[in-house]
Ligand SMILES: [Fe+2]
Ligand SMILES: [Fe+2]
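In the numbering used here, the protein residues as written are 210 to 477.
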């Protein structure tokens with residue numbers, strides 16, 4: 210219950226902050242087009258309109274949800290296709306996570322060989338996080354199809370570590386902002402329409418697995434960009450991996466994981 214309350218507060222803050230930003234932009238645009246005397250009223254109208262539009266995009270009118278943002282993402286990137294098959298999405302996610310798990314392990318070796326110890330530690334931690342994700346997705350996929358299994362690991366050719374960090378961040382942002390939001394929305398739709406109790410429960414577990422992965426990927430992207438921007442000024446701070454959900458923190462050992470609420474960490 211405490212978890213829900215905190216999450217709801219975070220969602221509320223994010224929606225309010227983004228809406229304020231949109232309203233500000235809309236106000237500037239309206240101000241540029243109208244004579245100075247009416248710009249304040251026009252800005253207020255445009256801001257209200259932008260707020261309504263933004264809430265609609267986020268699904269905030271239906272109680273607020275960070276899952277609804279996939280619609281905006283699909284508009285921005287026309288090829289972000291929706292599917293209505295959660296089992297296929299689980300198999301696809303298992304492929305993506307297996308690729309990321311393998312890629313980051315190779316990136317860790319390349320960083321260590323270049324003497325970038327802390328970046329090697331970050332890649333090791335994220336590689337392990339993706340390993341958690343792919344095994345959890347395999348477990349859920351097997352509830353829907355006993356024959357579902359993880360794909361073979363691909364072969365990987367790392368480049369320079371700064372490029373590997375950017376490649377990693379781009380992959381994480383794609384997963385958190387496009388791929389998982391679509392998979393979550395699809396799984397919710399399928400779950401709500403399902404009448405078989407076991408299948409409904411499996412689809413609900415898919416919603417949970419996709420959601421935890423989506424949130425963890427955002428932290429991975431954050432730390433990759435942090436490592437990229439501080440590549441010439443590294444510190445010796447530790448990374449902490451939540452061994453339940455794949456959340457990663459840098460610095461002092463965190464308390465309860467902000468994603469899953471548990472407190473089991475591995476230090477890197
Ligand atoms: Fe990740
Ligand atoms: Fe966690």
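Ideal placement from N, C-alpha and C gives every residue a C-beta, glycine not left out. Bear in mind the structure is a predicted one, so any value in this text is a computation, not a measurement.
Contacts around residue i, its chain only, beta-carbon distance under 8 angstroms, and the 5 residues preceding and following it disregarded
i, result
"residue 473", "451, 452, 453"
"residue 370", "316, 319, 320, 323, 325, 328, 440"
"residue 411", "349, 352, 353"
"residue 389", "302, 419, 420, 422, 423, 426"
"residue 284", "Since pLDDT at residue 284 reaches only 41, below the 50 mark, its modelled position is unreliable, and the value read off the structure follows with that caveat. Within the same chain, residue 284 has no close Cβ partners at all."
Cβ-based burial, residue i [other Cβ within 10 Å; buried from 16]
i, result
"residue 355", "exposed"
"residue 286", "Because residue 286 carries a pLDDT of 37, less than 50, the predicted location of this residue cannot be relied on, and no value is offered for it."
"residue 421", "buried"
"residue 399", "buried"
"residue 480", "Absent from the model: residue 480. The displayed extent of the chain is 210 to 477, so no value can be given."
"residue 394", "buried"
"residue 378", "buried"
"residue 385", "buried"
"residue 402", "exposed"
DSSP beta-bridge partners of residue i
i, result
"residue 451", "474"
"residue 457", "450"
Separation of residue j from residue i, as counted between CA atoms
i, j, result
"residue 491", "residue 375", "Not covered by the structure: residue 491. The range shown for the chain is 210 to 477."
"residue 337", "residue 455", "8 angstroms"
"residue 342", "residue 443", "28 angstroms"
"residue 470", "residue 367", "34 angstroms"
"residue 434", "residue 447", "16 angstroms"
"residue 335", "residue 427", "12 angstroms"
"residue 330", "residue 432", "11 angstroms"
"residue 244", "residue 387", "Interpretation of residue 244 is limited by its pLDDT of 36, a score under 50 that renders its predicted location unreliable; the figure taken from the coordinates is listed afterwards. Distance between the alpha carbons of residue 244 and residue 387: 40 angstroms."
"residue 406", "residue 465", "32 angstroms"
"residue 202", "residue 304", "The structure shown does not extend to residue 202, since the chain spans only 210 to 477, so no value can be given for it."
"residue 458", "residue 415", "25 angstroms"
"residue 383", "residue 308", "14 angstroms"
"residue 380", "residue 365", "15 angstroms"
"residue 463", "residue 449", "8 angstroms"
"residue 295", "residue 445", "42 angstroms"
"residue 314", "residue 467", "25 angstroms"
"residue 477", "residue 333", "8 angstroms"
"residue 413", "residue 461", "34 angstroms"
"residue 438", "residue 306", "25 angstroms"
"residue 408", "residue 436", "42 angstroms"
Contact set for residue i: own chain, Cβ-Cβ below 6 angstroms, skip 5 residues either direction
i, result
"residue 153", "Only positions 210 to 477 of the chain appear in this structure, which leaves residue 153 out of reach."
"residue 392", "298, 419"
"residue 475", "450, 452"
"residue 373", "316, 367"
"residue 397", "416"
"residue 345", "418"
Residues surrounding ligand 2 [beta-carbon distance to nearest heavy atom under 5 angstroms]: Chain-ordered list of matching residues: 451, 453, 454, 456, 466, 468, 469.
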